[in-house]
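Asker:
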Amino acid sequence: MVRHGGGRGWRGRVLAATLGVAVLATTASVWTAQAHPGRQVHAEPTARPSSTAAGAPGAAPAAVPRSIVHASDRGARGVNITIDDGPDPVWTPQVLQVLRDNGVKATFCMVGPQAQAHPDLVKAVVADGHRLCDHSVAHDTGMDHKAESYQRQQILDAEQMIIEASGGVRPVYYRAPGGAFTPYSREVAASHGMRPLGWNVDSKDFERPGTAAIVATVKQEVANGPTILFHDAGGDRSQTVEALRQVLPWLKQQGYTFGFPVVR
Ligand SMILES: [Zn+2]
1 MVRHGGGRGW RGRVLAATLG VAVLATTASV WTAQAHPGRQ VHAEPTARPS STAAGAPGAA
61 PAAVPRSIVH ASDRGARGVN ITIDDGPDPV WTPQVLQVLR DNGVKATFCM VGPQAQAHPD
121 LVKAVVADGH RLCDHSVAHD TGMDHKAESY QRQQILDAEQ MIIEASGGVR PVYYRAPGGA
181 FTPYSREVAA SHGMRPLGWN VDSKDFERPG TAAIVATVKQ EVANGPTILF HDAGGDRSQT
241 VEALRQVLPW LKQQGYTFGF PVVR
């Protein structure tokens with residue numbers, strides 16, 4: 001997996017303000033089950049927790065599988081358009097317009113402070129029927145080599161920023177920056193109802209190779225799997241906007257339908 005943009009300056013600036021927060025509260029519940037060694041802990045497949053109603057305000061999110069998902073809920077000819085690193089006041093509205101023009105729903109993997117800075121854009125994404133994905137606080141592509149407390153803070157602080165910005169809509173996925181997942185970070189996300197989300201096709205749009213190259217990459221690699229990676233922040237994304245404008249109708253012509261990554 002490509003770990004792009006390790007040196008992007010704006011990421012570092014948001015880090016200092018958010019370090020070291022909110023570790024204690026969420027740790028306690030994880031260990032509760034182990035505090036009763038005499039209790040029966042056999043799994044009961046028929047006894048599902050009652051709090052599975054998705055999106056209920058204030059409800060604790062139900063845990064989801066911790067494995068990294070790539071599959072589409074639209075089946076074999078489904079594709080999942082995923083848009084990372086925003087929201088951005090210049091590019092996100094343009095991406096939303098292209099998606100709207102093509103009747104496509106996508107998944108937006110948002111960086112916490114970006115969401116916090118642009119709640120209007122987060123709400124616009126939700127209003128158009130797209131889904132939210134937690135893309136950490138600082139977009140630290142080396143976070144898989146750092147302390148568990150740091151990984152937890154990166155995931156859960158961003159989750160809170162996105163929920164507040166959206167007006168209460170939870171992210172249902174977690175995508176580690178640069179794919180820097182760990183078994184621990186997947187467990188943290190999954191226990192908060194956020195399915196770890198991978199990708200199959202990196203459009204390479206982040207590197208700005210030209211619109212034609214982005215389109216060609218998607219056309220050549222879509223057979224590799226359904227989840228396709230684009231970006232709506234981190235620099236000039238005009239090539240991304242134009243590539244989406246060209247490749248979404250092409251995908252439709254090829255018989256693909258647009259869906260969301262499987263959550264459960
Ligand atoms: Zn990213």
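In UniProt numbering, the protein residues as written are 1 to 264.
Glycine residues also receive a C-beta, built at the ideal position from the N, C-alpha and C atoms.
1) By the 10 Å Cβ neighbour count, where 16 or more other Cβ atoms means buried, how is TRP250 classified, buried or exposed?
2) Using CA coordinates, which residue listed in TYR256, ALA243 and ARG152 is at the minimum distance from ARG208?
3) Mind listing which residues have their beta carbon within less than 6 Å of any non-hydrogen atom of ligand 1? Chain order is fine.
4) In or out: ASP101 buried (at least 16 other Cβ within 10 Å) or exposed?
5) Tell me whether PHE181 sits in a helix, a strand or coil according to DSSP, three-state version.
6) Excluding the 5 residues flanking GLN114 on each side, which residues of the same chain have their C-beta closer than 8 Å to its C-beta?
7) Taking just the CA atoms, how far does GLY259 sit from ARG170?
8) CA-CA distance, VAL215 and ASN200?
9) Tell me the DSSP secondary structure of THR257 in three-state form.
10) If the criterion is Cβ atoms closer than 9 Å, does the pair ASP202 and GLN239 meet it?
11) At a cut-off of 8 Å, is VAL218 close to ligand 3 when judged by its beta-carbon and the heavy atoms of the ligand?
12) For HIS70, I'd like the list of residues in its chain whose CB is within less than 6 Å of its CB, leaving aside the five on either flank, ordered along the chain.
13) Would you list the one or two residues that DSSP bridges to ARG195?
14) Within the same chain, show all residues whose beta-carbon is closer than 8 Å to that of ARG77, passing over the 5 residues directly before and after it, in chain order.
15) Hey, quick one: how far does the beta strand (DSSP E) through MET110 stretch, first residue to last?
16) Do the region 106-125 and the region 145-152 meet, that is, are 3 or more Cβ pairs less than 8 Å apart?
17) Pick out whichever of ALA158, VAL262, SER136 and ARG186 has its Cα sitting closest to the Cα of ARG66.
18) Near SER72, what residues of its chain come up, given a Cβ to Cβ distance below 8 Å and the 5 sequence neighbours on each side ignored?
19) Leaving out five residues on either side along the sequence, give the residues of the same chain with a beta carbon under 7 Å from the beta carbon of HIS130.
20) Label ALA176 either buried or exposed according to how many other C-beta atoms from any shown protein chain fall within 10 Å of its C-beta, with 16 as the threshold for buried.
21) What is the DSSP secondary structure of ASN200, counted as helix, strand or coil?
22) So what's ASP84 in DSSP terms, helix, strand or just coil?
Answerer: To lay it out plainly:
1) Counting from one through the sequence shown, the residue named residue 250 turns up at place 250. That one is exposed.
2) On the sequence shown, position 208 is the one that residue 208 refers to. Of TYR256, ALA243 and ARG152, the residue nearest in Cα terms is ALA243.
3) Residues with a Cβ closer than 6 Å to any heavy atom of ligand 1, in chain order: ASP84, ASP85, HIS135, HIS139 and PRO177.
4) Working through the sequence shown from its first residue, we reach residue 101 at position 101. Exposed, by the Cβ-count rule.
5) Counted from its first residue, the sequence shown places residue 181 at position 181. Note: PHE181 maps to coil in three-state DSSP.
6) Residue 114 sits at position 114 when you count from the first residue of the sequence shown. Hits under 8 Å: ASP85, GLY86, PRO87, ASP88 and ALA233.
7) Stepping through the sequence shown from its first residue, residue 170 is reached at position 170. Stepping through the sequence shown from its first residue, residue 259 is reached at position 259. Those two C-alpha atoms are separated by around 18 Å.
8) Along the sequence shown, one-based indexing puts residue 215 at 215. Along the sequence shown, one-based indexing puts residue 200 at 200. Rounded to the nearest angstrom, the two C-alpha atoms are 15 Å apart.
9) Here residue 257 is taken as the residue at index 257 of the sequence shown, counted from 1. In this structure, THR257 counts as strand in the three-state DSSP scheme.
10) Numbered from 1 along the sequence shown, position 202 holds the residue referred to as residue 202. Numbered from 1 along the sequence shown, position 239 holds the residue referred to as residue 239. For ASP202 and GLN239, no; Cβs fall outside 9 Å.
11) Ligands displayed in this structure: ligand 1; ligand 3 is not among them.
12) Along the sequence shown, one-based indexing puts residue 70 at 70. Same-chain partners within the cutoff: GLY198, ASN200, GLY225 and THR227.
13) On the sequence shown, residue 195 is found 195 positions in, with the first residue counted as 1. The bridge partners DSSP lists for ARG195 are TYR173.
14) Counting from 1 along the sequence shown, the entry for residue 77 is found at position 77. The answer, listed in chain order, is GLY255, TYR256 and THR257.
15) As a working mapping, residue 110 is identified with position 110 in the sequence shown. Here the beta strand (DSSP E) through MET110 covers 107-110.
16) no
17) Locating residue 66 in the sequence shown gives position 66, where the first residue counts as 1. Selected option, being the one with the closest Cα: ARG186.
18) Position 72 of the sequence shown holds residue 72. Answer for SER72: GLY78, VAL79, ASN80, PRO226, THR227, GLY259, PHE260, PRO261 and VAL262, listed in chain order.
19) Against the sequence shown, residue 130 aligns to sequence position 130. The answer, listed in chain order, is LYS105, ALA106, THR107 and PHE108.
20) Locating residue 176 in the sequence shown gives position 176, where the first residue counts as 1. Its Cβ being crowded by 16 or more others within 10 Å, ALA176 is buried.
21) In the sequence shown, the residue the question calls residue 200 occupies position 200. Reduced to three states, the DSSP call for ASN200 is coil.
22) Mapped onto the sequence shown, residue 84 falls at position 84. DSSP places ASP84 in strand when its eight states are reduced to three.
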